[in-house]
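Notes for the one structure printed next.
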Amino acid sequence: MSAVDAGGGRAVDPVGAQSYASEWAQAVRRLGFMPMSAADTQRLLLSYTLRLAEALLDAEEVASAVAAEVGQALVEAHLTEPGVIEWAVRSVADRLPDQVLGGAAGLDDRIAAMQGGLAAGFARALRNRTFVQQERIARSAWQARDNVEQALRDSEARFRAVFRGAAIGIGIADVDGQIIDVNQPFADMLGYSIEELRHLNVAELFHRDDVPGMWELYRELVEGKHDAVRVEKRYHRKDGSSVWTDLAVSLIRHEDGRPRFTVAVAEDITQRYELQNRLRFQALHDPLTELPNRTLFFETLSRLLATSGRVGVCFLDLDGFKAINDSLGHDLGDRLLMTIARRLAGCVAEHGYLVARMGGDEFVILVDGDAGVEDMIAVAELALAAVAAPVFIDDQQLMVSASVGIVGSDLVGTSPSELMKAADTTLYWAKEQGRGRWAVYDPERSARDIARSALVAGLPVALDRDEFVVHYQPIVSLLDGRMLAVEALVRWQHPELGLIGPDMFIGLAEETGLIVRLGEWVLRQACRDAYRWYVDFPEARLVVSVNLAARQADAPVIVDTVADALASSGLPADLLQLELTESAVMGSGGEPLRTLHRLAALGVRLAVDDFGTGYSNLAYLRRLPITCLKLAAPFVEGIRGDEPDLADHRDERIVDALVRLAHALELWVTAEAVETEAQAERLRALRCDSAQGRLFGCAAPAETISTRLAGG
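Residues 47 to 758 in my numbering are what the sequence shown lists, from first letter to last.
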C-alpha cells in the first residue's frame, strides 16, 4: 500500500510497515497480556501502522484525529497495558517516519499532533471503558442487593407460611428463655393463646418431673455449647395436665457467632407415648393378674443386686392347684389366681416389695433393703396367711395353701440365676415337709442335694464302665469261730470321690429303678467269686449271702435270674443265700410268696435281714421258706456285756426271745453289728448261732477272703 503527502512524491513503504508492525507486536507480547494470537495481533497492528503512516503524510488535524482513533482502537482491542501506549507514542517519532516513510522531513508538527492524538484517544477510551465498567458493577451491585432483599422477603414469607401453616408446634424464644412468638398449633398443644404464651418464659412450661439435667441441657444450648438438641419431653398444659412432645430445639446465631434466639419444633406424641407405656406394661406384666411378670422381676432383681447387692426372695407355689383346675375348670382357676395375686400384693404393700407372677401358680416376692432372714420369714408367713384365707367365687368356697422357699443373696451370691435356682430348690424342700409351710435355704443341704443329683446321674454310666466292686464281710460261728459265710456288699469305685459305701447310692438306685440292674450285677459277681472259693477251698463250704432289694424280689424274672447266675457261675445252689428285708418278706402274699417258694425250690437259702424292725409278724414266719433270721443291729448294739443297765436288760431279753422263736421254727440266727467280745459272749450265752461285724472282720475284697480261707 502507498500514499502521497501534500508535498507530493513521498509514499508508505509496505515492507517497512510490515517490519514496524512486527516490532510493535513483539513489544505488546513483551509488555503484557495479548487477548489474541500473535498473527492476529500483528495483522491488527499492521492496519494501525498503515493508518498512522498515511495520516502522518496528511494535514496536522488529520494526523491528530487518526491517531486518536488508533488510540481508542487499542483500548477496544484490550491492548491496555500502559507500556503499549508508551511504545506507540515514542515509536511514532523515533521509528515510524524513517522505517515506514523512508525518512521524510518536515513532519515534526504532525508527529507531535499524532503523539498527542494517540495519548488522548487511548486515555479517553480507557476512561470511557472504566466508566462503563463502574456503571455495570454498580448496576450489578444494585441488582444483587435487590435480589438479596427479595430473597429475604421470599424467605421470610416462606418461614411465615411454614410457621403459621405447620401442623406441628413451632416456638421462638430469646436466649433468656422469654418466648418471642409461637404458632397456633404450639398454643393449642399447651392450651394457651398465642398472646398468653408471648408473656411466658419457657421455664414456666417445664414439667416438675423432668429428668435431671433437662434444664442444664437447655442452658448449654442457649450458651452456644450445642447447635441443636432433640429430646422427648413433657410440658405443663394451662389446665394442669401434661403433654408429651418430641422436641427439637435449634440455636440461631448472630453473624459474629453469638447466640441470638432458639427455635423449638414440638410434636404432640402423648398418644404414642401412652401406647408405648401400655405396650411396655403388657410386655412386663402378667395379663391375667396384672402383676409384674418374670421379665420385669429379673430386671428389678438384677438392678438391685448390682446396686445394693443384698436382696431376698420368697418363692411361692400353690399346693394342689392342678386339682382345682382339673376339677372345677380353668376359668375358676384363673379367677382364683387373680384373687391370690391381689392378696399377695396387698399383704406386702406397706413395705413396697415387688410381687411377681412367674407363671402358672408360682409367685415370687422380692424383699429388698436390709431385710434379714427373720424379716423374710415374716413376709413368707404373711403370704401364707393371705393365701390360706377362704376364697369365695360365685357359690364356691375354696381353701388353698401354698409352700414358700426363702433365700437371701448373702447365702448364694449375686447372680439372679443362682438366687432363683436356690429359691426353687428351697421351695421343693418346703413341699417335702407338707402343705402350707416355708423353708429357708441351707447351703450345706443344697450341696448334699447337688452331690446326690450328681450320683444319680452317674449311676447308669458307672454300671456301663464297671466302676462297682463287691466286698465281703465274714459271718462266723459263735460256737467255734469258723467262717461259715460272707455277705456281699457293693461299693462304688467313683473316679473322683474314691470308694463310696452303699449308704450313699443304694437308696438312689432304688428310687431310680436302677437297683434291679445293680442287684443282678452283684448277684452274678458274688456267684462267680463264691464258685472260685468253692473250687479252691471245697472243705470250707463257704456260703455267699446276697441282698435282694424289694424291687428285685417283686420282679417276675427274679427266679430265672438267680437260676441263670448259678448255672453260668457253676456255684451249687446251697452255697447261695438271698437276704430280703423283713418288710418285703412279711408283706409277701400271692405271687411274691410263690416267688419265694420257687427260689427255695432252686436250693438256695433265704434269710430275713434286719429282723425285729419291721412287721414282726411271728406267726407268718411258718408260711415262709426261709432258713435264717438276721437280728437287727439296734438290738445287738444294746447288749453291752458287763453291768447292763435297764435298756441293755430289755434288749437282751428281746434277743433271747427272738433266738428262741427262731430255733423253735428251726431257723438259723445271725446277729449283725457285733463289735466287742462282750457282745459276742452274751450272744453265745443266748445260743445265737452266728454273727458278723467289725469284731470278726470288716467288708474286704474277694482276695482278702481267699487269704483268710487259706489260713493267712
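Just so it is clear, CB atoms sit at the ideal spot from N, CA and C, and this is done for glycine as well.
Opposing strand residues paired with residue i [DSSP bridges]
| i | result |
| --- | --- |
| Leu92 | In the DSSP output, where bridge partners are listed per residue, Leu92 has none listed. |
| Phe252 | Tyr281 |
| Phe361 | Val410 and Gly451 |
| Trp290 | Arg280 |
| Met529 | Val522 |
| Thr716 | Lys676 and Ser736 |
| Glu313 | Asp292 |
| Phe514 | Trp538 |
| Ala219 | Ile225 and Thr308 |
| Ser591 | Glu533 and Gln623 |
| Phe438 | Gln443 |
| Pro333 | Bridge partners of Pro333: none, in fact. |
| Ile546 | Trp538 |
| Val654 | Leu626 and Leu675 |
| Leu400 | Leu412 |
| Trp484 | Val450 |
| Arg299 | Pro305 |
| Pro338 | His331 |
| Ala746 | Tyr518 |
Exposure label - residue i; buried when at least 16 CB within 10 Å
| i | result |
| --- | --- |
| Lys676 | buried |
| Cys449 | Contrary to the premise, residue 449 reads as Ser rather than Cys in this sequence. It counts as buried. |
| Glu345 | exposed |
| Cys573 | buried |
| Pro718 | Note on residue identity: the sequence assigns Glu, not Pro, to residue 718. Looking at its Cβ environment, which holds 16 or more other Cβ atoms inside 10 Å, Glu718 is buried. |
| Glu625 | buried |
| Trp188 | exposed |
| Ser463 | exposed |
| Arg156 | buried |
| Leu103 | buried |
| Leu692 | Per-residue confidence for Leu692 stands at a pLDDT of 46, beneath the threshold of 50, marking its modelled position as unreliable; the derived number appears in the next sentence. Classification for Leu692: exposed. |
| Arg570 | buried |
| Gly636 | Reliability fails at Gly636, whose pLDDT of 48 lies under 50, so the model's placement of it is uncertain and the value that follows must be treated cautiously. Label assigned to Gly636: exposed. |
| Ser110 | buried |
| Cys744 | exposed |
| Glu320 | exposed |
| Val568 | buried |
| Glu698 | buried |
| Gln623 | buried |
Residue i versus residue j: straight-line alpha-carbon distance, rounded
| i | j | result |
| --- | --- | --- |
| Val359 | Ala391 | 14 Å |
| Leu383 | Val357 | 26 Å |
| Leu142 | Ala165 | 16 Å |
| Glu132 | Gly163 | 13 Å |
| Glu396 | Gly415 | 14 Å |
| Gly379 | Asn371 | 5 Å |
| Leu430 | Gly405 | 18 Å |
| His331 | Arg537 | 53 Å |
| Thr472 | Ile386 | 21 Å |
| Ala184 | His124 | 22 Å |
| Glu513 | Gln598 | 21 Å |
| Arg669 | Ser591 | 22 Å |
| Arg388 | Leu400 | 12 Å |
| Leu617 | Ala576 | 7 Å |
| Ala352 | Gly547 | 44 Å |
| Val796 | Ile685 | Lying before the first or after the last residue shown, residue 796 is absent from the chain, which here runs from 47 to 758. |
| Ala586 | Ala630 | 31 Å |
| Ile604 | Ser499 | 29 Å |
| Ala101 | Phe177 | 30 Å |
Candidates the options, of which the one nearest residue i by Cα
| i | options | result |
| --- | --- | --- |
| Ala653 | Ala531, Ser614 and Phe583 | Ala531 |
| Gln432 | Ala402, Gly482, Asp314 and Ser288 | The sequence shown places Ala at residue 432, not Gln. Comparing Cα-Cα distances from Ala432 to each of Ala402, Gly482, Asp314 and Ser288, the minimum goes to Gly482. |
| Arg651 | Ser615, Ala703 and Leu594 | Leu594 |
| Arg381 | Ala312, Asp407 and Leu569 | Asp407 |
| Lys368 | Val446, Ala497 and Val592 | Val446 |
| Trp70 | Arg136, Glu106 and Glu556 | Arg136 |
| Phe307 | Ala417, Lys467, Ala429 and Leu267 | Leu267 |
| Val502 | Leu554, Leu535 and Met529 | Leu554 |
| Pro506 | Val562, Ala599, Ala678 and Glu106 | Val562 |
| Ile315 | Ala469, Glu181, Ile214 and Leu612 | Ile214 |
| Thr95 | Gly117, Asp470, Leu77 and Met82 | Gly117 |
| Asp234 | Asp285, Arg326 and His300 | Asp285 |
| Val410 | Phe361, Leu293 and Ser373 | Phe361 |
| Tyr474 | Asp365, Val58 and Glu533 | Asp365 |
| Asp495 | Asp470, Arg254 and Glu533 | Asp470 |
Test: residue i CB closer than 8 Å to a CB of chain D
| i | result |
| --- | --- |
| Met550 | Included in the structure is just one protein chain, with no chain D present. |
Just list the beta strand (DSSP E) runs in the stretch 140 to 173, keeping only unbroken ones of 3 residues or longer that don't cross its boundaries, in chain order.
Correct list: empty.
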